[in-house]
Amino acid sequence: MDRSRAVVAVGFGILAVALAVAAVVTDEAYLVLLAAVAAVGSAAVASEAGWRRLFGRRSRAELEAATVRLDEERRKALERASKYEAEAIRARHDLATAMRARGSVGAGDEPEDRVEDQGPSDGDDEPVVDGGPAEAIDLTVPPPETQTDRLLDADTGMFSQLFYEASLEKRVSAARRGMRHLSIASVEVMTGVEDGRPRPADPKLVARTMTAVFRDADTIARADDGTFLLLFEDTPETGAVWTMERFRRRLADENPGHTTWVGISCYPAYGFTADQLLQQAHEALDRAREWRQDRIEITTASPD
């Protein structure tokens with residue numbers, strides 16, 4: 042028992058004894074009742090539970106123990122967050138590496154034309170490829186697009202829609218296994234909305250602002266239609282809204298005249314599959330576009 046609680050308990054006890062003595066001397070019944078109440082109060086204060094009920098206070102030792110416990114829980118939460126972030130970054134890197142390797146293998150497996158050795162040439166004969174004349178190679182024609190080229194958006198350097206959709210499938214599966222939250226957003230930034238002449242904002246400017254605001258574990262991609270696709274690891278609905286609000290404010294503060302529309306969906310609150318989440322985010326973005334000012338819309342769809 043701490044010192045302050047002991048003093049109060051002894052005080053109640055002394056009061057109970059004094060009232061009992063007075064009741065004996067005066068033969069007054071109400072003094073007996075008061076003495077009983079004081080005795081009960083002394084017992085209540087002496088007990089830890091009674092002290093809390095009466096005064097709502099905790100001992101210093103209890104407060105210190107609670108502080109240590111909260112610090113430990115906070116440390117564990119930070120460790121989990123760091124673990125999830127590292128896992129997301131590693132998974133994204135592994136996926137990009139695998140997709141690049143797949144594209145390289147696909148290109149390298151194609152059979153190359155074999156030039157047969159026809160002996161010395163006097164300069165008039167055409168080289169023969171597999172028994173026929175070789176076709177001239179036009180160096181002005183760009184080479185065909187490979188899988189590697191399609192991983193990144195050419196204008197911003199961010200990931201492409203192809204990579205985002207492949208990554209989303211894997212991250213939803215990881216969130217399901219780890220019983221974690223995951224949020225996605227579909228974003229469109231325009232200029233000239235207030236003037237009645239809306240046009241897409243500079244994608245490089247938008248990409249730079251997103252890179253400055255979002256975490257390394259968050260995936261930023263540019264869709265084929267020019268909008269941006271975002272994937273927030275271990276982030277519930279409220280976290281996604283606040284993250285997009287930080288982006289909106291920073292973009293508006295540094296670049297006035299921009300209008301940001303956002304559609305958000307979350308796993309598992311609104312959807313269970315990648316296609317479902319993506320469709321919900323696009324539909325929420327369509328509702329946000331109905332406003333002439335910045336707007337963040339969250340899907341209202343059911344996961345069923």
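Residues in the sequence shown are numbered consecutively from 42, following the numbering used here.
Glycine included, C-beta positions come from ideal geometry on N, C-alpha and C.
- By the criterion of at least three beta-carbon pairs nearer than 8 Å, the stretch 291 to 309 is in contact with the stretch 332 to 341.
- One Cα belongs to GLU103, the other to ARG110, and the distance between them is close to 10 Å.
- Selection ALA137, PHE200, ASP196, ARG191 evaluated against LEU270 yields PHE200 as nearest (Cα-Cα).
- At the C-beta level, LEU223 and TYR308 come within 7 Å of one another.
- The criterion of a C-beta distance shorter than 7 Å is satisfied by LEU72 and ALA63.
- Distance between ASP275 and VAL213, taken at the CA atoms: about 11 Å.
- If you draw a straight line from the Cα of SER306 to the Cα of GLU206, it is about 15 Å long.
- The residues LEU271, LEU272, PHE273, GLU274, in chain order, have a CB closer than 7 Å to that of ASP259 in the same chain once the five nearest residues on each side in sequence are set aside.
- Runs of the beta strand (DSSP E) lying entirely within the stretch 229 to 301 and spanning at least 3 residues, in chain order: 260 to 263, 269 to 274.
- Contact between the stretch 249 to 265 and the stretch 278 to 288 is present: three or more C-beta pairs spanning the two stretches fall below 8 Å.
- Boundaries of the alpha helix (DSSP H) harbouring GLU324: 315 to 329, taken from the DSSP string.
- Here TYR308 carries a strand assignment [DSSP, helix/strand/coil].
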